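K.L.:
Below is one structure. I have some questions about it.
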Amino acid sequence: MEIVPSFVVFFLLYKATKGFDFDPCVNHTELKIGGSRNEKCKASEIQLDSRKCDQDLPSDWYVTANATLLTDSPIHGNCGADTALWLKDALPGVSEGIANKTICAKEGNNTCSNQFNIQIKNCSTFYVYYLERLSENFTCPTAYCFESTEPCTPPATIIPTASTGVTNIPTVTAATTASTTATSQKLFTTSQYRNISTLGILPEEDKPVKSSLIIPLTISLSTIFILVIVIMVIVLKMNISSPISPLEETAKKR
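According to mature numbering (1 follows the signal peptide of the UniProt record, and there is no 0), the sequence shown holds residues -19 to -1, 1 to 235 in order.
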């Protein structure tokens, strides 16, 4: 039997330990847009504690349904945040693979007060974006802006009142008051934003949703299968190359 070359064994071991090449087109997180990241959504119509702050967004590859990163500078105060992040460069083509693109921050009349790079990949029928958690250099609320067909649906704080028993009455809170003065305050430091926010977590539509576990499970099973093959090849190679004992050689001569 022909012995499998050593380089094949090492290659299989390498692939088994390194794993398969990562492809964000199949391994990503869904970013629920809702209407709040729409370029037409006015931050002044959203309570301050419900506006987006992407310092709370975990760094990951994201896909968005029926929405793409905005490639034009938005109107100040739109996109559900006081500062909107938009894509300065054109979206990449399929042939570009994972491409580096420039993000700009629209702040007041300055269309690009701050900029940084992100990675984007064109998956033929959709885009995936590696969105990084924003640094403390950005003031809250600041968020990535998307061009979306979904309507702007700012959440409302509605709770029953114990004294009257009447329900569905909006409550006036510190966040509501801050929202009405957002035009004069413009931006807030991160600590001020955190103090005003009563939740300190992402709004429901922004909570990341992991993609199907079928692909990671398939990769794990494939890795185990490769490891089994490698072990079998090594054992077979050892058996073939083992020397014949003197007793076995004498028995063969008889």
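Glycine included, each C-beta is placed from N, C-alpha and C at the ideal position. Note that this is a predicted model, so its numbers are computed, not measured.
Can you tell me which of T204, L208 and S105 puts its alpha carbon nearest to the alpha carbon of V44?
P.N.:
Comparing Cα positions, the closest option is S105.
K.L.:
Could you compute how far the alpha carbon of E88 sits from the alpha carbon of S94?
P.N.:
6 Å
K.L.:
Can you give the Cα-Cα distance for V216 and V7, rounded to whole angstroms?
P.N.:
36 Å
K.L.:
Measuring CB atoms only, is the region 74 to 93 touching the region 14 to 28, in the sense that at least three cross pairs come out at less than 8 Å?
P.N.:
no
K.L.:
V209: buried (16+ other C-beta within 10 angstroms of its C-beta) or exposed?
P.N.:
exposed
K.L.:
Whose CA, out of C60, I79 and A124, lies closest to the CA of E131?
P.N.:
C60
K.L.:
Going along the chain, which residues of its own chain have a beta-carbon closer than 8 Å to the beta-carbon of N118, five neighbours each way excluded?
P.N.:
N95
K.L.:
Skipping 5 residues on each side, what residues in its chain have a beta carbon closer than 7 Å to that of G74?
P.N.:
N103
K.L.:
Is K33 closer than 8 Å to S17 when the C-beta atoms are compared?
P.N.:
The answer is yes: Cβ separation under 8 Å.
K.L.:
For T83, count neighbouring C-beta atoms within 10 Å of its own C-beta (all shown protein chains included) and say buried if the count is 16 or more, exposed if not.
P.N.:
exposed
K.L.:
Relative to the C-alpha of S116, which candidate in A124, N220 and V109 has its C-alpha closest?
P.N.:
A124
K.L.:
Give me, in chain order, the residues of the same chain whose beta-carbon lies closer than 6 Å to that of S40; leave out the 5 immediate sequence neighbours on both sides.
P.N.:
E113 and R114
K.L.:
Output the residue ranges of the beta strand (DSSP E) runs that lie fully inside the region 97 to 131 and measure 3 residues or longer, sorted by chain position.
P.N.:
108 to 112, 123 to 125 and 127 to 129
K.L.:
Taking only the alpha-carbon atoms, compute the straight-line gap between A80 and I212 and give it to the nearest angstrom.
P.N.:
39 Å
K.L.:
Does the separation of the CB atoms of E128 and T64 fall below 8 Å?
P.N.:
no
K.L.:
L50 lies in the beta strand (DSSP E); which residues open and close that run?
P.N.:
A48 to L50
K.L.:
Determine the direct distance from the alpha carbon of E77 to that of D2, and round the result to whole angstroms.
P.N.:
17 Å
K.L.:
Could you tell me which residues DSSP pairs with I84 in its beta bridges?
P.N.:
DSSP output for I84 lists L68 and F97 as bridge partner(s).
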